[in-house]
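What follows is a short report on a single structure.
Numbering (full-length UniProt numbering), first residue to last: 1 to 255.
So, in structure tokens, the structure goes:
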């Protein structure tokens, strides 16, 4: 897949799936805009991309802040002159009881739903000009309830519906919108949510034993699907939610 002269914005590019997507797009010759909150980690991602002769634009931004989201679009267009692909990857999870109050819910929804909604809104005039596309990073938890992950599950369900609504609205204008719904991915997201190293390893070990393919998805696996959906090879794909989960969503409860 060739993305030469294509301008690709990736949020949450400082680590995990976002960082891996950045390197994959760099290999495919894309012009990259790397967005995240941690400038040191963004610089590491950018350095990995420079190995392929590229010089990404780094934008430090918080997806909870409207001014920061506006800055992403403004600086991208000022630097590159256009937007071809938007990868809404930035997201957080917080493991909380429903009775734990509204604060965690508000933070998760601002980052995982409101942020992508606003960024897509602001980027859309430029995507219409280029007949570009949007790839949202969702989760299989959009349709699989999980205790203590209520806000996260709700946010990803909302993101999937947003994907389909946006695809219906902007398809006639030549813009495709899809989502990728990974199963458990071996990143630091659960540690960031509060698990220590030992608990994190135990969780993934348990997950692997219960999944049909007996393994968990890697960031590289997810990135390959993202690149496909963003490419011209997926020119007839829009409004779709692609599950990549090693069979986690079809695992059966044994009697």
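Heads up, the beta-carbon is just placed ideally off N, CA and C, and yes, glycines get one too.
Could you tell me which residues DSSP puts in a beta bridge with residue i?
i, result
"residue 108", "DSSP output for residue 108 lists no bridge partner at all."
"residue 169", "DSSP lists no partner for residue 169."
"residue 31", "7"
"residue 86", "9 and 134"
"residue 125", "According to DSSP, residue 125 bridges with nothing at all."
"residue 152", "None; residue 152 has no bridge partner."
Near residue i, which residues of its chain fall below 6 Å by C-beta distance, leaving aside the five closest residues on each side in sequence?
i, result
"residue 4", "29"
"residue 42", "14, 34, 36 and 58"
Quick one: residues in its chain with C-beta nearer than 7 Å to the C-beta of residue i, no 5 flanking neighbours on either side, listed in chain order?
i, result
"residue 98", "150"
"residue 23", "48 and 49"
"residue 208", "214, 215 and 216"
"residue 168", "239"
"residue 186", "204, 216 and 218"
Between the Cα of residue i and the Cα atoms of the options, which residue gives the shortest distance?
i, options, result
"residue 59", "8, 178 and 246", "8"
"residue 137", "37, 84, 34 and 181", "181"
"residue 44", "18, 69, 66 and 68", "18"
"residue 88", "163, 235 and 126", "163"
"residue 27", "159, 153 and 1", "1"
"residue 10", "144, 230 and 245", "230"
"residue 143", "134, 159, 133 and 128", "159"
"residue 212", "69, 72, 232 and 249", "249"
"residue 154", "93, 78 and 84", "93"
"residue 177", "201, 74, 228 and 183", "228"
"residue 90", "82, 114, 56 and 51", "114"
"residue 147", "61, 183, 74 and 95", "95"
"residue 126", "139, 75 and 161", "75"
"residue 12", "86, 104, 184 and 173", "86"
Below 8 Å CB to CB, which residues in the same chain sit around residue i once its five sequence neighbours on both sides are set aside?
i, result
"residue 124", "170 and 175"
"residue 110", "63 and 64"
"residue 70", "122"
Alpha carbon to alpha carbon, how far is residue j from residue i? Give it in angstroms, no decimals.
i, j, result
"residue 251", "residue 210", "7 Å"
"residue 31", "residue 220", "19 Å"
"residue 254", "residue 199", "For residue 254, the predicted model reports a pLDDT of 46, less than 50, meaning its position is unreliable; a value from the coordinates is still stated below. Residue 254 and residue 199: Cα-Cα distance of roughly 25 Å."
"residue 139", "residue 56", "27 Å"
"residue 145", "residue 84", "34 Å"
"residue 25", "residue 128", "21 Å"
"residue 224", "residue 21", "8 Å"
Run the CB neighbour count on residue i, radius 10 Å, all protein chains shown included, and call it buried at 16 or more, exposed below.
i, result
"residue 102", "exposed"
"residue 243", "buried"
"residue 112", "buried"
"residue 53", "exposed"
"residue 245", "buried"
"residue 133", "buried"
"residue 116", "buried"
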